[in-house]
Each structure stands twice: as structure tokens, then as C-alpha cells.
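A short write-up of the structure that comes next.
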Ligand code: DOR
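In my numbering, the protein residues as written are 2 to 450.
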């Protein structure tokens with residue numbers, strides 16, 4: 002008698018740990034149960050993947066979904082719908098909500114809100130406030146917590162740890178991943194007069210300049226060394242930081258974003274105005290090229306979207322009153338596939354940056370590769386599809402992307418989350434079934450105990 006599967010992904014080019022293979026994948030009870038020729042096997046459902054690539058599920062380790070506190074821009078339901086519509090199977094969500102995710106109550110509240118409403122798997126960062134270092138030790142071990150977030154420079158929301166003492170206290174306490182927004186707050190304050198009375202948005206990378214980013218990253222790495230605690234540097238934007246970080250690979254892991262790899266100043270500010278405003282800023286082409294070099298050389302571990310939606314109305318305020326940030330969770334896969342099509346990165350590097358890298362850095366249990374017994378999370382893509390990114394395709398409540406109108410090659414065709422097809426051909430297939438992500442370094446592992 003042949004084996005029975007809940008789902009078979011048939012006839013795709015499957016990205017296995019041994020390389021690409023033209024084969025089938027069988028799923029049972031949310032896990033990968035077979036990789037091989039399953040012709041004739043019995044299955045409750047089949048996802049035909051002929052002509053498509055079956056990749057490990059894309060994990061976006063930096064999103065802001067705004068719930069609670071700013072649900073007019075996004076919430077956990079709309080943000081995660083946007084994720085699966087874009088081929089993303091899991092997200093790590095940021096703590097600069099209102100209230101801040103800085104207590105056990107706030108973290109548990111997000112997990113409760115996520116249940117039955119989030120379309121993809123998820124975990125939440127605990128935020129460092131400057132006086133909760135001790136509390137973070139307990140908080141970071143709660144199920145559903147992916148690590149700690151530190152803002153060294155102020156951005157959207159109230160989280161800020163501007164001084165070395167505060168960052169040191171966080172690094173000295175606990176052991177899970179510390180992800181850091183590295184911009185030097187004292188230098189930003191010193192330079193704020195450049196934009197204070199109103200200025201063109203093109204001044205954004207002048208105010209928050211290269212030195213602002215580099216100085217914070219240097220301070221951070223020195224503290225990581227002193228406390229023997231590795232750090233994860235979020236959205237690195239400068240060639241200078243990349244060169245520095247390349248010399249400190251044992252202390253720091255590195256993220257950059259699709260928007261910093263795709264847009265550059267001054268063109269983006271001329272064309273998009275405040276829609277191109279984010280922190281740290283989009284910079285000139287010397288840096289865009291420096292980031293690509295760092296992707297090529299293996300300095301970048303992860304690409305995260307920094308999905309940070311604001312409404313068009315909010316963005317219309319005169320700079321610097323316009324908020325920083327732009328959506329990105331739904332456009333991450335198409336943009337990176339497009340760059341792959343243009344020869345800027347290989348498919349293997351894409352998988353490393355969006356799946357293997359996140360799993361490695363954050364100690365994710367059972368995700369990050371297509372392997373027997375792993376979660377059946379897949380991003381099924383058509384590498385040759387020619388599509389146009391359009392605002393009306395978005396599921397994000399904010400409703401706009403800086404990439405509206407961009408023609409791309411490569412598109413997510415289906416999103417499978419633990420064996421359930423959550424998106425196929427741009428259509429969401431409910432109900433939402435996202436669950437908390439499990440971590441090797443956090444016990445008990447949810448669902449395994
Ligand atoms: O541009 C940004 N927007 N950078 C951040 O660090 C925060 C984010 C937001 O939450 O809006």
C-alpha cells in the first residue's frame with residue numbers, strides 16, 4: 002500500500018540541502034515527510050509545481066505590524082496577509098508598538114492577538130527601554146519571543162537606548178539574539194539643526210549621515226566584544242559599516258534591506274519625496290554598490306524588509322514631520338528574485354539570505370531548509386514570470402509601495418505554511434493558521450513539549 006500525504010508539491014525544481022532537484026515533496030502533519038518521486042502516492046491535496054521552483058519558506062526577520070496602537074496603518078492580520086501574499090512564511094515583529102513590547106504582559110498580548118488572525122508563523126521581539134535589562138532576561142525566554150531589539154538612535158516610537166551604559170546593560174543580561182538599530186543619537190541631536198526648521202527630504206541622509214551610522218556600529222561592536230555577546234546589526238546602509246563589519250564576523254551578524262539595495266539618492270528623493278524616507282536613510286550609489294559587494298562577499302547574513310507602513314496622509318506632512326519607513330514585506334521576494342534575474346545574486350544566495358540565514362542567526366527550530374522532518378514551509382516561485390508591482394496588489398493597510406509601477410522578473414506563485422497553502426496565484430486561502438515560531442535556545446519549544 003502506498004504512503005498517504007496531506008499535500009504533495011509535485012514536479013517542481015526543489016531547493017534541497019544537496020542542491021536543486023526535479024522532484025516531489027510530500028507533507029504530513031505540517032512537516033516534510035518525503036522528498037523524491039511520489040508518483041502514485043495518495044494525497045489529500047496536490048500543488049502542481051511544474052515549471053516552478055520550490056524554495057524553503059522565506060522568513061522576514063524585521064517587520065513592524067503596528068498592533069497594538071496604530072492599527073490605522075497595519076495590524077497583525079493585514080501585515081501577515083501581506084506577508085503570505087508576497088511569499089513570506091514567517092515574520093519577526095518589532096516592539097515599537099503602543100504599548101511597547103517591553104513586558105511579559107505586552108508580549109503575551111501580541112501572541113494572543115496573533116492567534117487565529119495571523120496568516121504566517123511569527124515571533125515578537127522584546128524591546129529594550131533603557132531600564133528593563135534585568136526584566137529582559139526572563140522576557141527573552143518566553144515562547145514566541147525571537148530576541149531583543151535595541152534602538153540606539155531614535156526612530157518611530159518611544160524605544161531608545163542612546164548611551165553605552167544602557168546598551169552594555171542589555172548585553173550583560175541574557176543570552177538570546179540582540180538586534181540593533183545602530184544610529185548614534187548624540188550625533189543626530191547635534192545635527193538636527195540641519196533639518197529642524199523644515200528642509201527638502203533629500204537632506205535626510207545628510208542629517209542622519211554615514212558617520213551617524215558608522216559611529217553607532219563601532220560603539221556597538223566594541224560593547225559586543227567587551228561583553229562577549231554577539232549582536233545582529235539591522236538594516237546596514239553604508240559601504241563603510243560593511244567594511245568594518247567584515248572585520249568583526251565573530252561578533253556581529255548583518256542585515257540589509259531590499260529598499261537599500263534597490264533605491265539610491267538623490268534619485269529616490271526626487272521621484273518619491275518622503276515615500277523614500279526611512280531610518281537609516283537610503284543613500285547614494287556608492288553605498289548601494291557597497292551593500293551589493295557585501296551581499297556578494299558573504300558579509301550580509303540576512304535580508305529583512307523592515308516593513309514599516311505609514312499612511313499616505315502621514316507621509317504628506319512636510320519634512321521632517323513626515324514619518325520614516327515604508328512597507329516591504331510583500332515586495333521582498335519579487336524584488337530579490339528580480340535582482341537574481343539581473344544577475345546580482347544567485348538563487349542559492351537568495352535562499353541563504355531569506356531562509357537559512359534567519360534560521361542560523363535566530364536559532365530557529367525546524368525551519369530554514371527543505372529537509373525531512375522540517376516544517377513544510379515553502380515559497381513557490383516562478384523565476385521567469387514578468388509582472389509589475391502595483392499598489393492595488395498590496396494587502397498592507399497602508400496601501401502603497403515605493404516600487405509601484407516597477408516591472409520585475411520573478412514572482413511568488415504559492416505560499417505554504419506548515420503544509421497548508423496560504424496563498425496561490427495572488428489569492429489568500431484561509432483561514433489564517435499562523436503559529437509562534439520555535440527556537441533551539443528557548444525552552445520549552447512550543448508544540449514539542
Ligand atoms: O524608517 C524606519 N521606520 N526605521 C525604523 O527604525 C522604524 C520604522 C518604523 O517603525 O516606522
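Backbone N, C-alpha and C fix where the C-beta goes; we use that ideal spot for every residue, glycine too.
Less than 8 Å divides the Cβ of residue 149 from the Cβ of residue 179.
The distance from the Cβ of residue 66 to that of residue 80 is about 4 Å, consistent with a contact at the 8 Å cut-off. Boundaries of the alpha helix (DSSP H) harbouring residue 241: 240–247, taken from the DSSP string. When DSSP states are grouped into helix, strand and coil, residue 307 belongs to the coil group.
Boundaries around residue 334 are those of the alpha helix (DSSP H), 333–342, since no beta strand (DSSP E) includes it.
Within a 10 Å sphere around the beta-carbon of residue 373 sit fewer than 16 other beta-carbons, which makes this residue exposed. Restricting attention to beta strand (DSSP E) runs no shorter than 3 residues, the stretch 84–165 encloses them at 89–94, 122–128 and 146–152, ordered along the chain. Counted as a single uninterrupted DSSP element, the alpha helix (DSSP H) harbouring residue 189 occupies residues 186–192. For the alpha helix (DSSP H) assignment, the uninterrupted runs of no fewer than 4 residues enclosed by the stretch 233–296 are, from N- to C-terminal side, 240–247, 259–263 and 268–273.
In this structure, residue 17 has its CB at a distance of at least 7 Å from all heavy atoms of the ligand DOR. Taking all protein chains in view, the Cβ of residue 24 is crowded by 16 or more other Cβ atoms within 10 Å, so the residue is classified as buried. Relative to the ligand DOR, the beta carbon of residue 99 is positioned no closer than 7 Å to any heavy atom.
Nearest to residue 103 by alpha-carbon distance, out of 425, 295, 137 and 264, is 137. In the structure shown, the three-state DSSP call for residue 73 is coil. Taking a cut-off of 8 Å for Cβ pairs, the stretch 254–263 and the stretch 282–293 touch, as three or more such pairs fall below it. A direct Cα-to-Cα measurement between residue 176 and residue 227 gives close to 14 Å. Residue 406 sits exposed, since fewer than 16 C-beta atoms from the chains shown fall within 10 Å of its C-beta. Cα atoms of residue 92 and residue 332: separation of roughly 14 Å, rounded to the nearest angstrom.
Assignment of residue 357 by DSSP, reduced to helix, strand and coil, places it in the helix class.
When only Cα atoms are considered, residue 224 and residue 364 end up about 22 Å apart. In terms of side-chain proximity, the C-beta atom of residue 182 is found nearer than 7 Å to a non-hydrogen atom of the ligand DOR. At a cut-off of 7 Å, the beta-carbon of residue 157 counts as near the ligand DOR: some heavy atom of the ligand is closer than that. Short note on residue 307: C-beta closer than 7 Å to some heavy atom of the ligand DOR.
In summary, residue 188 is buried, with 16 or more beta-carbon neighbours lying within 10 Å of its beta-carbon over all protein chains present.
According to the DSSP secondary-structure assignment, residue 43 is paired through a beta bridge with 5. Under the DSSP assignment, residue 205 falls in the alpha helix (DSSP H) whose first and last residues are 205–208. By the CB criterion at 8 Å, residue 334 and residue 154 fall outside the cutoff. In terms of side-chain proximity, the C-beta atom of residue 193 is found no nearer than 7 Å to any non-hydrogen atom of the ligand DOR. Under the three-pair Cβ rule at 8 Å, the stretch 339–355 does not count as touching the stretch 415–433.
Taking 7 Å as the cut-off, one finds no heavy atom of the ligand DOR near enough to the beta carbon of residue 329.
Linking residue 330 to residue 308 through their CA atoms gives a straight-line distance of about 5 Å. An exposed status is given to residue 197, since fewer than 16 other beta-carbon atoms sit within 10 Å of its beta-carbon.
Per the coordinates, the alpha-carbon of residue 145 lies some 30 Å from the alpha-carbon of residue 220. Annotation: residue 229 to residue 252 spans about 8 Å, alpha carbon to alpha carbon. Per DSSP, residue 315 is not a residue of any beta strand (DSSP E); the alpha helix (DSSP H) it occupies stretches across 313–316. Counting along the chain, no beta strand (DSSP E) covers residue 395, and no H or E run does either.
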